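Chains as they are written, first to last, in our numbering: chain C, 1 to 127; chain Y, 1001 to 1234. Where is the CB? At the ideal position from N, CA and C, for every residue including glycine. Just so it is clear, the structure is predicted and the values come from calculations on it, not from any experiment. Working notes for the structure below.
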Amino acid sequence: MWFKRLSKKEGFTLLEIMIAVAILSIALVAVLQNESRILTSTYESNTLTMVSFLALQKMSELESKLGKVDTEMEGAFGKEFPLFTWKAEVKDIPVPGIQAKLLRVSILWKEGEKDRAFTLDRCLSTI
Amino acid sequence: MNVTACRMIKYKSFEINIRSNDGGYTLLEILIALAIATLVVSITYASFSAITSRTQATERSSRVHYAAGIIMDRLFLDLTCAYMRSSELEKDPDVFFQFQEGPSGTDSWQRFSFTSTAHLPLSPDDPGGDLGQISYELLKSDTEGEGYLLYRTDEPLFAETTTRKSAPLLLSQDLIKFSVEFFDRDENPFKAWDSTQGAQLGRLPTRITIAFAIKGEDGLEYPFMTGYTLPLGQ
Chain C
1 MWFKRLSKKE
11 GFTLLEIMIA
21 VAILSIALVA
31 VLQNESRILT
41 STYESNTLTM
51 VSFLALQKMS
61 ELESKLGKVD
71 TEMEGAFGKE
81 FPLFTWKAEV
91 KDIPVPGIQA
101 KLLRVSILWK
111 EGEKDRAFTL
121 DRCLSTI
Chain Y
1001 MNVTACRMIK
1011 YKSFEINIRS
1021 NDGGYTLLEI
1031 LIALAIATLV
1041 VSITYASFSA
1051 ITSRTQATER
1061 SSRVHYAAGI
1071 IMDRLFLDLT
1081 CAYMRSSELE
1091 KDPDVFFQFQ
1101 EGPSGTDSWQ
1111 RFSFTSTAHL
1121 PLSPDDPGGD
1131 LGQISYELLK
1141 SDTEGEGYLL
1151 YRTDEPLFAE
1161 TTTRKSAPLL
1171 LSQDLIKFSV
1181 EFFDRDENPF
1191 KAWDSTQGAQ
1201 LGRLPTRITI
1211 AFAIKGEDGL
1221 EYPFMTGYTL
1231 PLGQ
């Protein structure tokens, strides 16, 4: 038994120490990974909060211009939001008897190398 | 003093000799082990402290986004429920929609009051469910710095209660550059709105754009912008 060996003052073998260190580092890596996952999702939630506000603003603007806008539009948000652009499209809703259009607003931004988008749809009456 | 130090050194070298003869660690081995341990510990510490500082930054930014969410959600509910009864305007001086622009040259305003169905019954003797006059006030912060405080007051219009007016509720602090823009049906922009007189008599704006920034504890400015369409806006 290990405690018998201890009492004989033999100490741990190198293999035992290596295994202990390996287990410890796996545990540490798991903790760090968890932490970084929490950070990523908090960052994500912050960004989405901001972006959903922008999408609402663009949606309300295009909604009141609906009769006058093209089927596809895009633009930027000005110097306060240099990282974000928007794209919008107006589609007919292919259901007979319904006089409505689908307005889709997407907010686009880059996260590192990745292209990100947040899309908001609204169904609007055209009468 | 010198004598004891000398003795200690002698004692230590004696000890080291004895142990290495015994098949223990040599001084060189211990030094190498220490060096490796220091390296590992310093790498671990560096990555931990990097993560800690990033966590703190994310937490600060989170608090700012949470505060912005509270303002935007409250404004969204209150404004999309904004109420106007244009046909009976003379009988209803209590029903209005007013936004006073701040003094020129400042990026703020003072008072934004309107009638809304989004009245919150905040006092126990208020049955709720009535029209309310909702006011937002932007006040300069008492402490140093350029921040503003946003207060919301909510007063039921028809409730027969003794304590009618609710105390101002602090919605957010550290606000900077708060701007509100109104648009009529023809998409003309307005910096102020007053439904009690002039061209805007008895009318609500069609849509509103709200933009502000919050100064975080880290000194960074976090800009936010949103906009709402008013269902009763004509």
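The beta carbon of D1130(Y) lies closer than 7 Å to those of H1119, P1156, L1157, F1158, A1159 in the same chain, with the five residues before and after it left out. With the criterion set as a beta carbon lying under 8 Å from some beta carbon of chain C, the members of the stretch 1186 to 1204 of chain Y are E1187, in sequence order. DSSP, read as helix, strand or coil, puts M18(C) in helix.
Between R116(C) and S36(C), the alpha-carbon positions lie close to 20 Å from each other. Note on the stretch 1112 to 1194 of chain Y: there is no whole alpha helix (DSSP H) run with a minimum of 4 residues. Between the alpha carbons of Q1200(Y) and D1194(Y) lies a gap of roughly 6 Å. Y1228(Y): not part of any alpha helix (DSSP H); member of the beta strand (DSSP E) spanning 1221 to 1229, first to last residue.
Under the three-pair Cβ rule at 8 Å, the stretch 1205 to 1219 of chain Y counts as touching the stretch 1058 to 1074 of chain Y. With respect to S125(C), R1207(Y) sits apart: the two C-beta atoms are not nearer than 9 Å. With fewer than 16 other beta carbons inside 10 angstroms of its own, K1191(Y) counts as exposed. Chain order gives the chain C residues near F1224(Y) as M50, F53, where near means a beta carbon separation below 7 Å. Counting only the Cα atoms, F1096(Y) lies some 9 Å from R1085(Y). By the criterion of at least three beta-carbon pairs nearer than 8 Å, the stretch 1041 to 1056 of chain Y is in contact with the stretch 33 to 47 of chain C.
Distance between K87(C) and L1232(Y), taken at the CA atoms: about 27 Å.
Within the stretch 63 to 94 of chain C, those residues whose Cβ lies closer than 9 Å to any Cβ of chain Y are, in chain order, E63, S64, K65, K68, F77, G78, E80, F81. Counted as a single uninterrupted DSSP element, the alpha helix (DSSP H) harbouring S1042(Y) occupies residues 1027 to 1080.
Residue contact check for K114(C) against chain Y: no CB pair falls below 9 Å. Taking a beta-carbon distance threshold of 9 Å, G1132(Y) does not count as an interface residue toward chain C. Among the residues of chain C, those whose CB is under 8 Å from the CB of G1069(Y) are T49, following chain order. Judged by DSSP secondary structure, T1209(Y) falls within the beta strand (DSSP E) whose first and last residues are 1207 to 1215. In the three-state reduction of the DSSP assignment, L28(C) falls in the helix class, which pools H, G and I. A check of alpha carbon separations from E1146(Y) across D1078(Y), P1168(Y), A1213(Y) identifies A1213(Y) as the nearest. Judged by their CB atoms, L1170(Y) and Y1148(Y) are not nearer to each other than the 9 Å cut-off.
Among the CB atoms of chain C, none fall inside 9 Å of the CB of R1111(Y). For K110(C), the closest C-alpha among the options F84(C), M73(C), G97(C) is that of F84(C). As DSSP reads the structure, Q1098(Y) sits in a beta bridge with S1113(Y), D1194(Y). In the displayed model, M50(C) falls within a helix according to three-state DSSP. In this structure, the CA atom of S52(C) is about 53 Å from the CA atom of L1034(Y). By the Cβ-count criterion, C123(C) is exposed, with fewer than 16 other Cβ atoms from all chains shown falling within 10 Å of its own Cβ. Per DSSP, reduced to three states, the secondary structure at M59(C) is helical.
In this structure, the beta-carbon distance from L102(C) to D92(C) falls below 9 Å. Rounded to whole angstroms, D1073(Y) and T1153(Y) show a C-alpha spacing of 16 Å. Per DSSP, D92(C) is one residue of the beta strand (DSSP E) stretching across 85 to 92.
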